[in-house]
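Peer 1: Numbering (the working numbering), first residue to last: 20 to 601. Glycine included, each C-beta is placed from N, C-alpha and C at the ideal position. All figures in this text were calculated on a predicted structure; none of them were measured in a lab.
(1) According to DSSP, is residue 402 part of a helix, a strand, or is it coil?
(2) Quick check: the stretch 383-399 against the stretch 355-362, are there 3 or more CB pairs under 8 Å?
(3) Using CA coordinates, which residue listed in 418, 297, 543 and 531 is at the minimum distance from residue 487?
(4) Write down every uninterrupted run of the beta strand (DSSP E) in the stretch 389-472 whose length is 3 residues or greater and which is fully enclosed by it, in chain order.
(5) Spell out a yes or no on whether the stretch 66-73 and the stretch 115-131 are touching, meaning 3 or more CB-CB pairs, one atom from each, closer than 8 Å.
(6) Nearest-angstrom Cα distance between residue 63 and residue 229?
(7) Please determine whether the Cβ atom of residue 413 lies at a distance below 7 Å from any heavy atom of the ligand SAM.
(8) Can you tell which of 106, 451, 413 and 82 has its C-alpha closest to the C-alpha of residue 92?
(9) My output table needs one value for residue 570: the three-state DSSP class, helix, strand or coil.
(10) Output yes or no for whether 8 Å exceeds the beta carbon distance between residue 516 and residue 225.
(11) Residue 452 to residue 263, Cα distance in whole Å?
(12) Taking the alpha helix (DSSP H) that residue 94 belongs to, which residues open and close that run?
(13) So does the stretch 302-318 actually touch the stretch 364-373, counting three or more Cβ pairs closer than 8 Å?
(14) In angstroms with no decimal places, state the Cα-to-Cα distance between residue 153 and residue 43.
(15) Use the C-beta contact count for residue 326: other C-beta atoms within 10 angstroms, 16 or more gives buried, fewer gives exposed.
(16) Look up residue 46 in the DSSP assignment and give the residues it is bridged to.
(17) Specify the secondary structure class of residue 113 as computed by DSSP and reduced to three states.
(18) Whole angstroms are fine: how far does the CA of residue 110 sit from the CA of residue 52?
(19) Which same chain residues, not among the five before or five after residue 352, have their C-beta less than 8 Å away from its C-beta?
(20) Of the choices 401, 269 and 311, whose alpha-carbon is the least far from that of residue 334?
(21) Helix, strand or coil: which one does DSSP assign to residue 528?
(22) Keeping to the same chain, check which residues put their C-beta closer than 7 Å to that of residue 546; ignore five residues upstream and five downstream.
(23) With residue 491 as the anchor, note down where its beta strand (DSSP E) starts and where it stops.
(24) Curious, which full-length beta strand (DSSP E) runs of at least 3 residues does the stretch 248-310 contain?
(25) I believe residue 408 touches residue 382 by the beta-carbon criterion, under 8 Å. Please report the beta-carbon distance rounded to the nearest angstrom.
(26) For residue 48, which option in 523, 122, 79 and 477 has the closest C-alpha, if you only look at C-alpha atoms?
(27) Just to confirm my understanding: we take residue 410, look at its own chain, exclude 5 residues before and 5 after, and list those with CB closer than 6 Å. What are they?
(28) Considering residue 59, what are the terminal residues of the beta strand (DSSP E) in which it resides?
(29) Could you check what DSSP says for residue 361 in three-state terms: helix, strand or coil?
(30) Residues bridged to residue 370 by DSSP?
(31) Have a look at 95, 45 and 79 and flag the residue whose alpha-carbon is nearest the alpha-carbon of residue 132.
(32) Compare the Cα-Cα distances from residue 284 to each of 485, 259 and 277 and report the closest residue.
(33) Under 8 Å, do residue 339 and residue 414 count as touching if we go by C-beta distance?
(34) For residue 522, which residues does DSSP report across the bridge?
(35) Out of curiosity, what's the CA-to-CA distance linking residue 80 and residue 474?
(36) Just how far apart, CA to CA, sit residue 398 and residue 377?
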């Protein structure tokens, strides 16, 4: 039995023992009247209003319902008279626009009632006790009138009153709203999803100009080293409220999932999904903290102070690394933020699954560092025939990709990529590509953008299968915005484009270029064929949009030759797998 039912029973027993009649909600005057409403907000939350004043917001109905009842109880407590008789009428509107009438007492008890304006009586309705004379000129009340019972019937009256109070509480319209919201077998609430809306930017073909749904994110005035949004098959994760909050929304409907406003500082990197210590987490860095969040709840599973303000945090598929200085970096291992030494000329790349830090030297040698002060001997990787080490292309989560240039033509703008996998016996060469256009990176930038699963990626203007080394050409001016498991997005040829591992989608190349460059904001996150973009509908407010595909669209790709470039073949690595002593 609920606490509220027990309170009602105790109040009824006290009333009877003290010679008072049980509380009759129908006798509460129709004025003053509290006006209440529970409505759906533009962000998909529920908001409770009492006399046009917001009293609570939440994605769940029950906390909002409690806020409305508490506000009404406070209004009832302001009335004069004994506490057990202080009550007030509530006329409310539910999220489905149905009207409900309640009586709420100062102690928070809730009674379902009829509309007082529909009740009729002759003269002034008054309450009378059995065996007592009504005042002259009065008429019997239309409400039920419980009479004083003989002592022998006291037990049955108490039992009956308990049942009536319990049924009254469980039968309120607010409780019915909860039951309607829990219609699914799994009991999950299903708020009204956001509605389709026109995109303020040009969508890459074949996506439509109307978004499936949109969510206002508040001010967009903050700076980050990564995209403000990422996604998986279930949820979309986004930075909102000027970089002070991370939130998740249902990928299909846009219904709010969770919100974490407890960030110390504004977001400077992330959110990025990563596999850390064998678990998938959402990594976020602020101006002072590094946080790992549970993707399903938004609750922190790890949090550390960065120490120095402005510390550079690099997000990788296997977890973040904090670049403290030229000689050290920090990474997460076994639930702790640990320090690893960086050898001279080395560049920290990413953590390994067993607590090591991948470091690549100026000559292409590779360390797997597991200590704070001393690094082991590096492993020298034999480059593809006729080449020398050029640069680090990137890390896919399971493969280290390095770029090599031809030794006979150091001024060439062509490179060959080689993919290495990490094993217990060292690094093992998996594949090499033919010659492709090089990417001129600055500083310690790693130009390879890979999908979350590490199956494919984009290096400059080349699509790369990270499992086989097969490549496909993209437009020469391609600029990557996001790489998902099935789709990648970017700009090229003066318009937003969509690509697959085998090349640019044919529809993208055929679509006309937008007239304004300000409309060139390609999607920043993708999962499957779904795509998401954060753009501004005005000069200050950021909005998350979910792009929509036509129902009859089939994803066709164009071969690399359609861009005027050849598609080199990848080279098998079976003859090279002894490189590095593997």
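Peer 2: In this structure, then:
(1) On the chain shown, position 383 is the one that residue 402 refers to. Three-state result, residue 402: coil.
(2) yes
(3) Along the chain shown, read from residue 1 onward, the residue named residue 487 stands at position 468. Considering only alpha carbons, the answer is 418.
(4) 406-414, 418-425, 433-442, 445-451 and 467-469
(5) Result no; under three Cβ-Cβ pairs closer than 8 Å.
(6) Mapped onto the chain shown, residue 63 falls at position 44. Mapped onto the chain shown, residue 229 falls at position 210. Using only the alpha carbons, I get a separation of about 19 Å.
(7) As for the ligand SAM, it is missing from this structure, which has no ligand bound.
(8) For this step, residue 92 is matched to residue 73 along the chain shown. That would be 106, whose Cα lies nearest to the Cα of residue 92.
(9) Taking the first residue of the chain shown as 1, we reach residue 570 at position 551. The answer is coil: DSSP assigns residue 570 none of H, G, I, E or B.
(10) Locating residue 516 in the chain shown gives position 497, counting from the first residue. Locating residue 225 in the chain shown gives position 206, counting from the first residue. No, they are not a contact pair.
(11) Taking the first residue of the chain shown as 1, we reach residue 452 at position 433. Taking the first residue of the chain shown as 1, we reach residue 263 at position 244. Roughly 43 Å separates the two Cα atoms.
(12) Numbered from 1 along the chain shown, position 75 holds the residue referred to as residue 94. 80-96 is the extent of the alpha helix (DSSP H) around residue 94.
(13) By the Cβ rule, the stretch 302-318 does not count as touching the stretch 364-373, because fewer than three pairs are nearer than 8 Å.
(14) For the purposes of this step, residue 153 is taken as the residue at position 134 of the chain shown. For the purposes of this step, residue 43 is taken as the residue at position 24 of the chain shown. In this predicted model, residue 153 has a pLDDT of only 34, less than 50, meaning its place in the structure is not dependable; the value taken from the coordinates is given anyway. For residue 153 and residue 43, the gap between their C-alpha atoms comes out near 17 Å.
(15) For the purposes of this step, residue 326 is identified with residue 307 of the chain shown, where counting begins at 1. Counting Cβ neighbours within 10 Å, residue 326 comes out exposed, since fewer than 16 surround it.
(16) The count along the chain shown starts at 1 and reaches residue 46 at position 27. According to DSSP, which records beta bridges pairwise, residue 46 is partnered with nothing at all.
(17) On the chain shown, position 94 is the one that residue 113 refers to. DSSP places residue 113 in coil when its eight states are reduced to three.
(18) Mapped onto the chain shown, residue 52 falls at position 33. Mapped onto the chain shown, residue 110 falls at position 91. Going by the C-alpha atoms only, they are around 7 Å apart.
(19) Residue mapping note: residue 352 aligns to position 333 of the chain shown, counting from 1. Only 296, 370 and 374 meet the Cβ criterion.
(20) Counting from 1 along the chain shown, the entry for residue 334 is found at position 315. Checked all of 401, 269 and 311; the closest Cα to residue 334 is 311.
(21) The residue you call residue 528 lines up with position 509 of the chain shown. Three-state result, residue 528: helix.
(22) Looking up residue 546 in the chain shown gives position 527. Same-chain partners within the cutoff: 250, 251, 252, 270, 503 and 504.
(23) For the purposes of this step, residue 491 is identified with residue 472 of the chain shown, where counting begins at 1. Residues 490-492.
(24) 248-250, 254-259, 264-269, 275-279, 286-295 and 298-305
(25) As a first step, residue 408 must be located in the chain shown, where it is residue number 389. As a first step, residue 382 must be located in the chain shown, where it is residue number 363. Contact holds; Cβ gap of about 6 Å.
(26) Taking the first residue of the chain shown as 1, we reach residue 48 at position 29. Nearest C-alpha to residue 48: 122.
(27) Residue 410 sits at position 391 when you count from the first residue of the chain shown. Only 422 meet the Cβ criterion.
(28) Within the chain shown, the letter at position 40 stands for residue 59. Looking at the DSSP string, the run of the beta strand (DSSP E) that includes residue 59 is 52-59.
(29) On the chain shown, residue 361 is found 342 positions in, with the first residue counted as 1. Looking at residue 361 - three-state DSSP - the assignment turns out to be coil, as it is neither helix nor strand.
(30) The residue labelled residue 370 in the question sits at position 351 within the chain shown. DSSP lists 376 as the beta-bridge partner residues of residue 370.
(31) Within the chain shown, the letter at position 113 stands for residue 132. Per the Cα distances, 45.
(32) If you number the chain shown from 1, residue 284 lands on position 265. Out of 485, 259 and 277, 259 has the C-alpha closest to the C-alpha of residue 284.
(33) If you number the chain shown from 1, residue 339 lands on position 320. If you number the chain shown from 1, residue 414 lands on position 395. Going by beta carbons, residue 339 and residue 414 fall outside the 8 Å limit.
(34) Here residue 522 refers to the residue found at position 503 when the chain shown is read from its first residue. BP columns for residue 522 point to 519.
(35) By one-based count along the chain shown, residue 80 stands at place 61. By one-based count along the chain shown, residue 474 stands at place 455. Cα to Cα, residue 80 sits roughly 41 Å from residue 474.
(36) Numbered from its first residue, the chain shown carries residue 398 at position 379. Numbered from its first residue, the chain shown carries residue 377 at position 358. Their backbone Cα atoms lie some 11 Å apart in a straight line.
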